[in-house]
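Enquirer:
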Amino acid sequence: MPAMNSTLGRRPRRATTAVAGAAVALIALAGCGSGASDTKDAEESGKARSSKPAAAGASNSGGGSRGAEAAALVHKAIDATFDQEYLSSTRRTKTEGTTTQRIALSGDKAACEAHSRKGPASLDFIVTESALYSRGSKEALELSPEAKEDPVRVEVMADRWVKRGAATYEVMGEMCKSTTRRTWLEKRIPSLEHLAEENPSQQSVKVQQRSAIKLTYERAGGPLEFYIAAEGSPLLLRVTCPATDLDESFSDFGEPFRVVAPSGAVSELQMAREVLAAQ
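Taken in order, the sequence shown gives residues -30 to -1, 1 to 249; the numbers are from mature numbering (1 follows the signal peptide of the UniProt record, and there is no 0).
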């Protein structure tokens, strides 16, 4: 009998581990970084970019003072954007679909909502100051490598909010912080030093019903374009770069909102019990 009890005890633990593992798979599928890995990648990327010559296809005519001024404006726009206490962004990529995110910062704490869509697959995340919640559609859960081995888990978990464990929150909770979002962006554009060596074209345009300055850097894989608010603070409204599958726009600068835990969320242990009961 003790041996049987031990076996029964291991089943919920294995199921809980599987449910927790699904959280990491979901976050990876959504392209949401954990923060720690993005910071490390940023350091390595920064070193690599500072040692590399300008990318192939870039203008080599020399930016001069105009190029330096344009790069300085881009720098100010990135700073001003990611210094916002409240910020919304919409990221569109060919590989990850569309992800919208709302971020609220309070001192060292960060909370956010993230919603990813690609075809019929959808993923939702809510990160409060103390917990991480995730929800995936059936189509999204079926993309997980373990889905074929455990289809019951997919059926039970589909479209359900799950409150993730402390370990998962500790690892993945960093994805709300502005440093994480900034790192994601900066990994996909040339360094400011390289931009300063180029001479971008400049155009007055309208973005989100706001007057903006459009800076265009010609690249081999398609133009790198920055849209920066022309009035008030030089906020970054949109940036696109086909070569790195980058198309991200920013809005709701400084507009307060609350991030709240979703109703009806269950713990990983409760979800594991439901999965076992359904098998």
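Idealized CB from N, CA, C, for every residue including glycine.
Report the rounded CA-to-CA distance for A247 versus Y197, giving the unit in angstroms.
Expert: One C-alpha to the other measures close to 53 Å.
Enquirer: Taking the alpha-carbon positions, what's the A213 to S221 distance?
Expert: So the alpha carbons of these two residues sit roughly 24 Å apart.
Enquirer: Consult DSSP for G27 and reduce its assignment to one of helix, strand or coil.
Expert: Here the model assigns G27 a pLDDT of 38, short of 50, so the residue's position is not dependable, and the following value carries that caveat. G27: coil per DSSP, three-state reduction.
Enquirer: Would you kindly work out how many angstroms separate the C-alpha atoms of S181 and Q173, rounded to a whole number?
Expert: One C-alpha to the other measures close to 11 Å.
Enquirer: Which of the three DSSP states, helix, strand or coil, is assigned to G143?
Expert: The answer is helix: DSSP assigns G143 an H, G or I state.
Enquirer: With 16 other CB atoms within 10 Å as the buried threshold, where does F227 fall?
Expert: It is exposed - the Cβ of F227 has fewer than 16 other Cβ atoms within 10 Å.
Enquirer: Between the alpha carbons of S92 and E167, how many angstroms are there, rounded?
Expert: The straight-line gap from Cα to Cα measures roughly 41 Å.
Enquirer: Could you please give the first and the last residue of the uninterrupted alpha helix (DSSP H) stretch that includes A117?
Expert: Per DSSP, A117 belongs to no alpha helix (DSSP H) and is neither H nor E.
Enquirer: Would you say the region 75 to 86 touches the region 141 to 148, given that touching needs at least three Cβ pairs under 8 Å?
Expert: With a cut-off of 8 Å, the region 141 to 148 and the region 75 to 86 count as touching, because enough Cβ pairs lie within range.
Enquirer: Our contact map puts L102 next to M127 with C-beta atoms below 8 Å; I'd like the distance itself, whole angstroms only.
Expert: Not quite, the Cβ-Cβ distance comes to about 15 Å (not below 8 Å), so this is no contact.
Enquirer: What does DSSP give as the partner residues of F196 in its beta bridges?
Expert: According to DSSP, which records beta bridges pairwise, F196 is partnered with L185 and V209.
Enquirer: Between R152 and the rest of its own chain, which residues show a CB-CB distance below 6 Å, the 5 nearest in sequence each way excluded?
Expert: Cβ neighbours of R152 beyond the five flanking positions: F52.
Enquirer: Provide the residue span of the beta strand (DSSP E) that contains R61, from first to last.
Expert: Residues Y56 to T63.
Enquirer: Measuring only the C-alpha atoms, how far is E125 from P90?
Expert: When rounded, the distance between both Cα atoms is 16 Å.
Enquirer: So the candidates are M241, S86, S58 and L75; which of them puts its Cα closest to the Cα of T68?
Expert: The shortest C-alpha separation from T68 is found at S86.
Enquirer: Bridge partners for T68 per DSSP, in chain order?
Expert: T68 is bridged to R62 and R87.
Enquirer: Look up S221 in the DSSP assignment and say whether it is helix, strand or coil.
Expert: If DSSP states are grouped into helix, strand and coil, S221 belongs with the strands.
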